[in-house]
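For what it's worth, the numbering used here labels the leading residue of the sequence shown as 728, then goes sequentially. Single-structure report; data block below.
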Amino acid sequence: MRRAALFTTTALVLTGCGSSPPSHFYVLTADQTPPRSGISAANTIALGRVSLPGALDRPAIARRKGGNEIVFSDEERWAGPLDDMVRRVLADDIAAHLPAGVALVDSAARPPPGVTIAVEVSRFDADETGAVTLAARWETLGPTGRPLAPPRESTIIEPAAGKDAGAVANTMSRAVSDLAARIAAGLR
Numbered sequence: 728m729r730r731a732a733l734f735t736t737t738a739l740v741l742t743g744c745g746s747s748p749p750s751h752f753y754v755l756t757a758d759q760t761p762p763r764s765g766i767s768a769a770n771t772i773a774l775g776r777v778s779l780p781g782a783l784d785r786p787a788i789a790r791r792k793g794g795n796e797i798v799f800s801d802e803e804r805w806a807g808p809l810d811d812m813v814r815r816v817l818a819d820d821i822a823a824h825l826p827a828g829v830a831l832v833d834s835a836a837r838p839p840p841g842v843t844i845a846v847e848v849s850r851f852d853a854d855e856t857g858a859v860t861l862a863a864r865w866e867t868l869g870p871t872g873r874p875l876a877p878p879r880e881s882t883i884i885e886p887a888a889g890k891d892a893g894a895v896a897n898t899m900s901r902a903v904s905d906l907a908a909r910i911a912a913g914l915r
């Protein structure tokens, strides 16, 4: 009897000591910029594939520590797959930059869209200060899948809005919005 009580007490103490801090979940959000005019492009544009590095294919928010180390926190997590959020926010932000009469459609639309945009992200993380780097390459493809122009690249560095994960998510959202503006400007 005494042994059972000691075992139960020990188990309760260890369980209390072993609890981890609660996780917090974050999302990327689209910019609320009003649409711009003056972009001349085909009547339909689709956002095709948007790929991210495999190292970012995890629920934890990535923070770069020094030049080659990336740290992931179990407490700071994305509310969904990062690649899905980047694609959704990028689509919303590109659509906000398109003029009236030009529509962003699904890439599987029939007839095929006049232009399809393919995006490859090679880096998307925050540093120790909360500043975000987004490096991406994109190309515009015609209805047959052939490139309409040489691929373009951008490295966007957004200054920190703060070090906490909420501020980092906000800064990352701004970086995606900046990329969307650059892609839309390339359609002129």
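Yeah, the Cβ is synthetic: ideal placement off N, Cα and C, and Gly gets one too. A quick note: this is a predicted structure, and the numbers were derived from the prediction, not measured.
- VAL816 and SER834 have their C-alpha atoms roughly 16 Å apart.
- By the neighbour-count definition (other C-beta atoms within 10 Å, threshold 16), SER900 is a buried residue.
- Distance from the CA of GLU847 to the CA of GLU866, rounded to the nearest whole angstrom, comes to 9 Å.
- Exposure of ALA912 is indicated by the presence of fewer than 16 other C-beta atoms within 10 angstroms of its C-beta.
- Counting along the chain, VAL777 sits inside the beta strand (DSSP E) bounded by residues 771-778.
- Under the DSSP assignment, THR882 falls in the beta strand (DSSP E) whose first and last residues are 879-885.
- One alpha carbon belongs to THR771, the other to THR871, and they sit about 14 Å apart.
- Pairing HIS751 with ALA892 gives a Cβ-Cβ distance under 8 Å.
- Note on VAL813: 16 or more other CB atoms within 10 angstroms of its CB, so buried under the neighbour-count rule.
- Classified as buried, ILE883 has 16 or more neighbouring CB atoms from the shown chains inside 10 Å of its CB.
- Closest in alpha carbon position to VAL903, among ALA863, ALA830, ALA894 and GLU855, is ALA863.
- With a cutoff of 8 Å on beta-carbon distance, PRO886 and ALA858 are scored as near each other.
- In the DSSP annotation of this structure, the continuous segment of the alpha helix (DSSP H) that includes THR898 starts and ends at 892-912.
- Counting other Cβ atoms within 10 Å of its Cβ, ALA789 reaches 16 or more and is therefore classed as buried.
- Restricting attention to LEU861, GLY869, ASP852 and ASP811, the CA atom closest to the CA of PRO838 is found in GLY869.
- Of the residues assessed, PRO840 falls on the buried side of the cut-off, its CB having 16 or more other CB atoms within 10 angstroms.
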